[in-house]
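Residue numbers (full-length UniProt numbering): 1 to 239.
What follows is the structure, given as structure tokens:
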């Protein structure tokens, strides 16, 4: 809660120049510049979150996020994911409709170029896929393929939806992982959050979306265990 109470203060404080410039870019019709301003503003928020939670963030390998044309599959733990994912990945999100309940967060995410995927009806799914394909011409999107907060370090089964869309539309997937977010439940300070990039994976290398789904889940599970060990070792050093 403390983290989210800081959002309003940041918007009218350190992040306000990005807000103002972003609004100006929006008024002048410069969409790309607007998105960049709001993405930079999320970095300021993330830096503040790192400070108030006394967190050490480690990127264990080079994460070369594709500029455009890719889905970025990332494990989802809880609401604390957002600032760290913005800081490390620096890309807009492909979110579900739940985000609309948080009005300010929804507005900011849309301003930074994110899309909301509406799967309530067949027609809305078709429109959302069309918007996704159009958006991928200029950027890549962060996707949480588990489909919900897991509130754990375990990689849950990947939902059919985004995996099948990637397979059907031949959208390459860049995979990344994070570890350590759940330690906030146990430690007041000395937390370590670690990230690892797992490269690009082409759905055309697989014969079905189910095969692609199984492959991605196995990869994320195996590498997550390795990342957990490295992240915990760094946390112990600080304790």
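Beta carbons are placed, not taken as given, at the ideal position from N, Cα and C, and that holds for glycine.
All values derive from a computational prediction rather than experimental measurement.
{"Item": "Member of 112, 235, 113, 93 whose CA lies at the smallest distance from the CA of residue 147", "Value": "93"}
{"Item": "Three-state secondary structure assigned by DSSP to residue 230", "Value": "helix"}
{"Item": "Cβ contact (3+ pairs, closer than 8 Å) linking the stretch 64-79 and the stretch 166-181", "Value": "yes"}
{"Item": "Proximity below 8 Å, CB of residue 74 to CB of residue 166", "Value": "no"}
{"Item": "Three-pair Cβ contact test at 8 Å for the stretch 221-228 versus the stretch 135-155", "Value": "yes"}
{"Item": "First through last residue of the alpha helix (DSSP H) which encompasses residue 84", "Value": "81-89"}
{"Item": "Between the CA atoms of residue 213 and residue 160 - distance to the nearest angstrom", "Value": "8 Å"}
{"Item": "Own chain partners of residue 138 with C-beta closer than 8 Å, once the 5 adjacent residues on each side are dropped", "Value": "32, 68"}
{"Item": "Same chain, Cβ closer than 6 Å to residue 125, five either side skipped, listed in chain order", "Value": "119"}
{"Item": "CA-to-CA distance, residue 90 to residue 40, given in whole angstroms", "Value": "8 Å"}
{"Item": "Simplified DSSP assignment, three categories, for residue 124", "Value": "helix"}
{"Item": "Between the CA atoms of residue 49 and residue 190 - distance to the nearest angstrom", "Value": "14 Å"}
{"Item": "Supposed close pair residue 60, residue 196 - CB separation, criterion 8 Å", "Value": "5 Å"}
{"Item": "Sequence-distant residues of its chain with Cβ nearer than 8 Å to residue 217 (five each side left out)", "Value": "155, 157, 158"}
{"Item": "Residue 137 beta carbon near the ligand GTP (any heavy atom closer than 7 Å)", "Value": "Among the components modelled here there is no ligand, and therefore nothing to report on the ligand GTP."}
{"Item": "Alpha carbon of residue 227 to alpha carbon of residue 117, nearest angstrom", "Value": "30 Å"}
{"Item": "Residue interval of the beta strand (DSSP E) (run including residue 174)", "Value": "173-179"}
{"Item": "Rounded C-alpha distance that separates residue 132 from residue 239", "Value": "44 Å"}
{"Item": "Buried or exposed (CB count within 10 angstroms, at least 16 for buried), residue 236", "Value": "exposed"}
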